[in-house]
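Student: Please see the structure below; I have some questions.
Number of protein chains: 2
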Amino acid sequence: MPKPICYSTKAFSAASATTPLTPAVIERRQPLADDVQIQILYCGVCHSDLHYARNEWHFTQYPAVPGHEIVGNVTAVGPGVTKFKVGDTVGVGCLVDSCRTCPNCRVGLEQYCDAGMSGGTYGGTEKHLGTPTLGGYSQSIVVTEDFVLRMPANLNLAAAAPLLCAGITTYSPLRHWKVGPGQKVGIVGLGGLGHMGVKFARAFGAHVVLFTTSPGKAADARKLGAHEVVVSTDAAQMAAHAGSFDFILDTVSADHDLNAYFNLLKREGNLVLVGAPEKPLPVASFALIFRRRSFSGSLIGGLPETQEMLDFCGTHNITSDIEMIRMDQINDAYERMLKSDVKYRFVIDMASLA
Amino acid sequence: MPKPICYSTKAFSAASATTPLTPAVIERRQPLADDVQIQILYCGVCHSDLHYARNEWHFTQYPAVPGHEIVGNVTAVGPGVTKFKVGDTVGVGCLVDSCRTCPNCRVGLEQYCDAGMSGGTYGGTEKHLGTPTLGGYSQSIVVTEDFVLRMPANLNLAAAAPLLCAGITTYSPLRHWKVGPGQKVGIVGLGGLGHMGVKFARAFGAHVVLFTTSPGKAADARKLGAHEVVVSTDAAQMAAHAGSFDFILDTVSADHDLNAYFNLLKREGNLVLVGAPEKPLPVASFALIFRRRSFSGSLIGGLPETQEMLDFCGTHNITSDIEMIRMDQINDAYERMLKSDVKYRFVIDMASLA
Numbered sequence: 027m028p029k030p031i032c033y034s035t036k037a038f039s040a041a042s043a044t045t046p047l048t049p050a051v052i053e054r055r056q057p058l059a060d061d062v063q064i065q066i067l068y069c070g071v072c073h074s075d076l077h078y079a080r081n082e083w084h085f086t087q088y089p090a091v092p093g094h095e096i097v098g099n100v101t102a103v104g105p106g107v108t109k110f111k112v113g114d115t116v117g118v119g120c121l122v123d124s125c126r127t128c129p130n131c132r133v134g135l136e137q138y139c140d141a142g143m144s145g146g147t148y149g150g151t152e153k154h155l156g157t158p159t160l161g162g163y164s165q166s167i168v169v170t171e172d173f174v175l176r177m178p179a180n181l182n183l184a185a186a187a188p189l190l191c192a193g194i195t196t197y198s199p200l201r202h203w204k205v206g207p208g209q210k211v212g213i214v215g216l217g218g219l220g221h222m223g224v225k226f227a228r229a230f231g232a233h234v235v236l237f238t239t240s241p242g243k244a245a246d247a248r249k250l251g252a253h254e255v256v257v258s259t260d261a262a263q264m265a266a267h268a269g270s271f272d273f274i275l276d277t278v279s280a281d282h283d284l285n286a287y288f289n290l291l292k293r294e295g296n297l298v299l300v301g302a303p304e305k306p307l308p309v310a311s312f313a314l315i316f317r318r319r320s321f322s323g324s325l326i327g328g329l330p331e332t333q334e335m336l337d338f339c340g341t342h343n344i345t346s347d348i349e350m351i352r353m354d355q356i357n358d359a360y361e362r363m364l365k366s367d368v369k370y371r372f373v374i375d376m377a378s379l380a
Numbered sequence: 027m028p029k030p031i032c033y034s035t036k037a038f039s040a041a042s043a044t045t046p047l048t049p050a051v052i053e054r055r056q057p058l059a060d061d062v063q064i065q066i067l068y069c070g071v072c073h074s075d076l077h078y079a080r081n082e083w084h085f086t087q088y089p090a091v092p093g094h095e096i097v098g099n100v101t102a103v104g105p106g107v108t109k110f111k112v113g114d115t116v117g118v119g120c121l122v123d124s125c126r127t128c129p130n131c132r133v134g135l136e137q138y139c140d141a142g143m144s145g146g147t148y149g150g151t152e153k154h155l156g157t158p159t160l161g162g163y164s165q166s167i168v169v170t171e172d173f174v175l176r177m178p179a180n181l182n183l184a185a186a187a188p189l190l191c192a193g194i195t196t197y198s199p200l201r202h203w204k205v206g207p208g209q210k211v212g213i214v215g216l217g218g219l220g221h222m223g224v225k226f227a228r229a230f231g232a233h234v235v236l237f238t239t240s241p242g243k244a245a246d247a248r249k250l251g252a253h254e255v256v257v258s259t260d261a262a263q264m265a266a267h268a269g270s271f272d273f274i275l276d277t278v279s280a281d282h283d284l285n286a287y288f289n290l291l292k293r294e295g296n297l298v299l300v301g302a303p304e305k306p307l308p309v310a311s312f313a314l315i316f317r318r319r320s321f322s323g324s325l326i327g328g329l330p331e332t333q334e335m336l337d338f339c340g341t342h343n344i345t346s347d348i349e350m351i352r353m354d355q356i357n358d359a360y361e362r363m364l365k366s367d368v369k370y371r372f373v374i375d376m377a378s379l380a
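Chains as they are written, first to last, in our numbering: chain A, 27 to 380; chain B, 27 to 380.
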């Protein structure tokens with residue numbers, strides 16, 4: 027197979043783990059038969075972007091272009107494309123491809139592809155070019171139509187960008203473990219993921235309790251949909267909820283003590299981790315053995331479920347709370363993100379890159 | 027309520043965490059209205075007995091009488107007893123009572139009683155006397171009939187004693203997580219629990235793989251029912267099974283690396299711990315997040331399920347592989363147990379106490 031023709035597009039990239047992101051020009055393939063070319067209007071800023079730019083997961087290939095909460099307009103389609111046309115408003119999340127043949131891909135759970143994350147929007151492999159995939163901090167992207175999502179027309183597009191990662195990452199486990207009315211559900215952490223978790227758990231009809239180390243976040247948490255707020259560093263507040271939760275969604279990627287949360291679960295309750303702390307987490311076996319509790323993980327969502335989530339958000343008018351930034355503010359935004367100084371997701375206005 | 031009249035019975039007890047078990051005379055209540063008095067014929071030796079005798083769980087009250095794999099004959103019943111009569115062959119496991127009113131007790135999951143393990147066969151509270159409960163290393167015991175189990179007549183009674191703890195501890199999670207035909211199931215460790223896990227998983231129709239650090243156990247494991255044996259210290263053998271297990275039952279209570287086992291699970295596979303390592307276990311979050319895996323705990327079983335398990339063992343002629351010892355060999359047996367020098371459960375012939 028000959029390599030496809032490429033075109034140039036502006037981007038922001040990191041040249042190494044220790045240097046800031048700077049303007050760059052990158053190559054994208056011209057749309058192939060089943061490809062959609064997208065003018066990126068907005069791109070959300072995920073904590074994974076920072077991990078990747080700084081090689082904190084030890085697989086970054088430089089120059090690195092992060093960004094996997096991408097929304098924009100279709101500017102061209104290949105001749106085989108059936109689902110999209112020029113002018114459509116679309117989204118791209120954490121995946122731009124997968125093996126498509128393994129048992130997980132065949133049931134639409136491409137995030138658990140047996141071939142791993144080779145189809146990652148950044149840090150994966152651009153199979154047509156044999157180069158590392160480059161993410162959404164750029165003016166345009168070309169993606170096979172099966173990995174392009176339709177954005178609901180009624181949503182503010184910038185505020186909808188974070189749905190593509192923060193949204194689906196919290197929606198998927200809440201759906202998979204059937205969170206709903208009559209259940210008491212905890213959300214740990216009120217960041218980009220956590221604030222979406224609160225919104226979804228509330229929309230699904232659960233009684234929602236937000237756990238935070240910052241008492242100052244209580245009013246905000248209630249405004250976002252939490253029925254109760256627990257300051258997790260207050261042992262008495264924690265003890266008052268012992269053995270009472272059906273489900274806890276843990277969105278914290280900093281090191282933290284899970285055992286305090288296991289003890290809040292009912293019999294057969296489940297704590298699901300979607301943040302990814304760097305170091306292994308110590309789990310006290312007794313906390314699981316008593317009451318037959320479970321500790322699980324969940325990773326973003328597959329393409330069908332991501333579309334389902336976007337449609338749900340359209341119906342229920344759910345978006346992320348965002349702070350818009352210019353592309354050249356990205357390095358400051360990373361520093362502020364590390365201090366949790368964002369309510370609740372930065373979104374890059376890609377017009378600022380022109 | 028006046029305290030019931032007591033009688034004396036011979037036992038073996040530990041006077042402190044650091045002294046061997048020695049002969050003793052203990053007090054039991056005379057049977058009350060709903061009580062069954064049992065002449066103990068055999069008592070299995072569980073690793074928990076050793077933990078308790080040596081105060082390794084930090085709640086032992088001395089003098090301590092371990093033993094919760096009890097089988098024997100009914101020698102007296104209170105006037106309110108309806109399910110048992112003198113001469114019946116019965117069993118008593120890890121529980122002699124529970125609160126009986128909490129949501130868990132009401133559905134027959136007394137092992138997850140909201141009041142905790144106050145009804146433990148040893149280390150709990152004898153509510154009529156206000157003293158610590160004393161276990162099965164003794165000539166007789168008195169138990170409320172609701173916590174007495176009927177032993178299948180066709181089983182070797184000594185070999186059936188370990189079913190009351192090792193049996194139900196492995197049967198319950200395999201049933202709860204619906205292990206059966208078409209599934210690939212791992213059992214970690216071939217000790218008292220593990221060898222029962224192999225027998226049950228095989229009886230339930232699963233493809234059974236035994237994980238052991240001891241290559242010498244392979245032939246035995248196959249004889250007990252394992253289809254395959256994996257030496258867990260052999261990285262190549264482990265890698266060959268990556269991502270292929272539906273369920274893994276981990277019976278090891280020594281410190282060990284769980285993450286190696288998580289990586290063997292399929293999408294949505296579950297590793298269930300029934301051993302209870304003393305120290306918290308480090309869990310690599312990525313091992314759970316990728317493939318949406320779960321790590322759970324399970325504790326013995328409730329009374330209805332324990333009876334179901336005994337009946338299943340009667341129907342399928344399943345018992346433990348045992349080595350019979352005299353009561354005065356218990357301290358040596360503990361030392362041998364620590365070296366895994368037992369195939370696969372010590373059972374005390376209680377006639378040796380007379």
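Ideal Cβ positions, reconstructed from N, Cα and C, are used throughout, including at glycine.
Apply the 10 Å Cβ neighbour rule to Ile194/B and answer buried if 16 or more other Cβ atoms are within range, or exposed otherwise.
Tutor: Taking the first residue of the second sequence as position 1, residue 194/B is located at position 168. Under the 10 Å beta carbon count, Ile194/B is surrounded by 16 or more other beta carbons and is classified as buried.
Student: Would you kindly report the start and end of the unbroken alpha helix (DSSP H) that includes Gln263/B?
Tutor: Looking up residue 263/B in the second sequence gives position 237. Note, Gln263/B: alpha helix (DSSP H), Ala261 to Ala265.
Student: Could you have a look at Asp276/A and say whether DSSP puts it in helix, strand or coil?
Tutor: Here the question's residue 276/A lines up with position 250 in the first sequence. Of the three classes helix, strand and coil, the one that applies to Asp276/A here is strand, per DSSP.
Student: Let me confirm a value: Thr238/A is counted as buried when at least 16 other C-beta atoms fall within 10 Å, else exposed. Which label applies?
Tutor: Position 212 of the first sequence holds residue 238/A. So Thr238/A counts as buried.
Student: Gln263/A and Pro158/A: beta carbons closer than 8 Å?
Tutor: Taking the first sequence and counting its residues from 1, one reaches residue 263/A at position 237. Taking the first sequence and counting its residues from 1, one reaches residue 158/A at position 132. No; because the gap between Cβ atoms is not below 8 Å, this pair is not in contact.
Student: Is it buried or exposed for Ser279/B, if we count other Cβ within 10 angstroms and need 16 for buried?
Tutor: For the purposes of this step, residue 279/B is taken as the residue at position 253 of the second sequence. By the 10 Å Cβ count, Ser279/B comes out buried.
Student: Along the chain, where does the alpha helix (DSSP H) containing Asp246/A start, and where does it finish?
Tutor: For the purposes of this step, residue 246/A is taken as the residue at position 220 of the first sequence. It spans Ala244 to Leu250 - the alpha helix (DSSP H) in which Asp246/A sits, taken as one unbroken run.
Student: Find the residues of chain B that neighbour Ser322/A, judging by a C-beta separation of less than 8 Å, and give them in chain order.
Tutor: Counted from its first residue, the first sequence places residue 322/A at position 296. What Ser322/A touches in chain B: Leu314, Arg318, Arg319, Ser320 and Phe321.
Student: Can you list, in chain order, the residues of its chain whose CB lies under 8 Å from that of Gly146/A, leaving out five sequence neighbours each side?
Tutor: Indexing the first sequence from 1 puts residue 146/A at position 120. Excluding positions up to five away in sequence, the list reads His94, Cys120, Leu121, Val122 and Thr159.
Student: Please name the residue, chosen from Glu82/A, Arg54/A and Phe38/A, that lies closest to Pro92/A on a Cα-to-Cα basis.
Tutor: Here residue 92/A refers to the residue found at position 66 when the first sequence is read from its first residue. If we check each option's Cα against that of Pro92/A, Phe38/A comes out closest.
Student: Suppose the cutoff is 8 Å on Cβ atoms and the five residues either side in sequence are ignored; what does the same chain contact list for Val103/A look like?
Tutor: Here residue 103/A refers to the residue found at position 77 of the first sequence. Here the set comprises Pro57, Asp61, Val62, Gln63, Phe110, Lys111, Val112 and Glu171.
Student: Between which two residues does the beta strand (DSSP E) holding Val103/A run?
Tutor: For the purposes of this step, residue 103/A is identified with residue 77 of the first sequence, where counting begins at 1. Ile96 to Val103 is the extent of the beta strand (DSSP E) around Val103/A.
Student: So is Val309/A in contact with chain B if we call contact Cβ pairs under 8 Å?
Tutor: Locating residue 309/A in the first sequence gives position 283, where the first residue counts as 1. Yes, contact with chain B.
Student: Round the Cβ separation of Ala59/B and Tyr78/B to the nearest angstrom and send it over; I've been treating them as touching at under 8 Å.
Tutor: The residue labelled residue 59/B in the question sits at position 33 within the second sequence. The residue labelled residue 78/B in the question sits at position 52 within the second sequence. In this structure Ala59/B is not in contact with Tyr78/B, their Cβ atoms being roughly 30 Å apart against a cut-off of 8 Å.
Student: Give me the DSSP bridge partner(s) of Ala37/A.
Tutor: Numbered from its first residue, the first sequence carries residue 37/A at position 11. Paired residue(s): Ala50/A and Ser164/A.
Student: For the stretch 295–357 of chain A, which segments carrying the beta strand (DSSP E) assignment without a break, of at least 3 residues, lie completely within its bounds, in sequence order?
Tutor: 307–309, 320–323 and 348–352
Student: What number of angstroms, rounded off, separates the C-alpha of Pro306/A from the C-alpha of Ser322/B?
Tutor: For this step, residue 306/A is matched to residue 280 along the first sequence. For this step, residue 322/B is matched to residue 296 along the second sequence. Cα-Cα distance, rounded: 17 Å.
Student: Counting along the chain, where does the alpha helix (DSSP H) carrying His253/A start and finish?
Tutor: Locating residue 253/A in the first sequence gives position 227, counting from the first residue. Segment: none, His253/A is in no alpha helix (DSSP H) and carries neither H nor E.
Student: Out of curiosity, what's the CA-to-CA distance linking Gly106/B and Cys128/B?
Tutor: Position 80 of the second sequence, counting from 1, holds the residue named residue 106/B. Position 102 of the second sequence, counting from 1, holds the residue named residue 128/B. Whole-angstrom Cα-Cα distance: 23 Å.
Student: If you measure between the beta carbons of Leu175/A and Leu336/A, is that distance less than 8 Å?
Tutor: Residue 175/A sits at position 149 when you count from the first residue of the first sequence. Residue 336/A sits at position 310 when you count from the first residue of the first sequence. For Leu175/A and Leu336/A, yes; Cβs fall inside 8 Å.
Student: Throw me the rounded Cβ distance for the Gln137/A and Gly269/A pair, which I believe falls under 8 Å.
Tutor: By 1-based counting over the first sequence, the position of residue 137/A is 111. By 1-based counting over the first sequence, the position of residue 269/A is 243. 32 Å between Cβ atoms; not a contact.
Student: Quick check on this structure: which residue in Ser258/B, Asp272/B and Val100/B has the alpha carbon closest to the alpha carbon of Leu284/B?
Tutor: Within the second sequence, numbered from 1, the residue matching residue 284/B stands at position 258. When only C-alpha atoms are compared, the closest one is Ser258/B.
Student: Do we get a CB-CB distance below 8 Å when we pair Asn130/B with the residues of chain A?
Tutor: As a first step, residue 130/B must be located in the second sequence, where it is residue number 104. Chain A contact via Cβ: present.
Student: Grab me the residues of Leu76/B's own chain with a C-beta within less than 8 Å of its C-beta, minus the 5 sequence neighbours each way, in chain order.
Tutor: Numbered from 1 along the second sequence, position 50 holds the residue referred to as residue 76/B. Glu82, Pro92, Tyr360, Met363 and Leu364.
Student: If distances are taken between C-alpha atoms only, which option among Cys139/B, Ala266/B, Ile274/B and Pro303/B comes closest to Lys382/A?
Tutor: No information on residue 382/A is available, as it lies outside the stretch 27 to 380 that chain A covers here.
Student: So, for Gln333/A: in the same chain, excluding its five sequence neighbours on each side, which residues have a beta-carbon less than 8 Å away from its beta-carbon?
Tutor: Translated into positions along the first sequence, residue 333/A becomes position 307. Cβ within range, chain order: Leu175 and Arg176.
Student: Between the beta-carbon of Gly206/B and the beta-carbon of Phe173/B, is there less than 8 Å?
Tutor: Your numbering for residue 206/B matches position 180 in the second sequence. Your numbering for residue 173/B matches position 147 in the second sequence. Contact: no.
Student: Going along chain A in order, which residues have a C-beta closer than 7 Å to the C-beta of Asp11/B?
Tutor: This structure gives no information on residue 11/B, because the portion of chain B shown stretches from 27 to 380.
Student: Ends of the alpha helix (DSSP H) at Thr45/B?
Tutor: Here the question's residue 45/B lines up with position 19 in the second sequence. That residue, Thr45/B, is in no alpha helix (DSSP H); it is neither H nor E in DSSP.
Student: Should Thr345/A go down as buried or exposed, given a rule of 16 or more other Cβ atoms within 10 Å for buried?
Tutor: By one-based count along the first sequence, residue 345/A stands at place 319. It is buried - the Cβ of Thr345/A has at least 16 other Cβ atoms within 10 Å.
Student: To the nearest angstrom, report how far apart Leu189/B and Phe85/A are at their CA atoms.
Tutor: Numbered from its first residue, the second sequence carries residue 189/B at position 163. Numbered from its first residue, the first sequence carries residue 85/A at position 59. Each residue's Cα considered, the two are about 49 Å apart.
Student: Are any of the Cβ atoms in chain B nearer than 8 Å to that of Tyr78/A?
Tutor: Taking the first sequence and counting its residues from 1, the one referred to as residue 78/A is at position 52. Judged by the 8 Å Cβ criterion, Tyr78/A is not in contact with chain B.
Student: Using the three-state DSSP reduction, which class does His282/B fall into: helix, strand or coil?
Tutor: Residue mapping note: residue 282/B aligns to position 256 of the second sequence, counting from 1. In the structure shown, His282/B sits in coil (DSSP, three-state: anything other than H, G, I, E or B).
Student: Here's a check: name, in chain order, each residue in its chain whose Cβ is nearer than 8 Å to the Cβ of Val224/B, leaving out the five neighbours to either side.
Tutor: Counting from one through the second sequence, the residue named residue 224/B turns up at place 198. Only Ile213, Leu216, Val234, Leu236, Ala247, Leu250, Gly251 and Ala252 meet the Cβ criterion.
Student: Could you confirm whether any beta carbon from chain A is found closer than 8 Å to the beta carbon of Leu219/B?
Tutor: For the purposes of this step, residue 219/B is taken as residue 193 along the second sequence, with counting starting at 1. No, Leu219/B lies away from the interface with chain A (no Cβ there is under 8 Å from its Cβ).
Student: Within this structure, are the beta carbons of Glu331/A and Ser198/A separated by less than 8 Å?
Tutor: Taking the first residue of the first sequence as position 1, residue 331/A is located at position 305. Taking the first residue of the first sequence as position 1, residue 198/A is located at position 172. Result yes, Cβ atoms of Glu331/A and Ser198/A sit closer than 8 Å.
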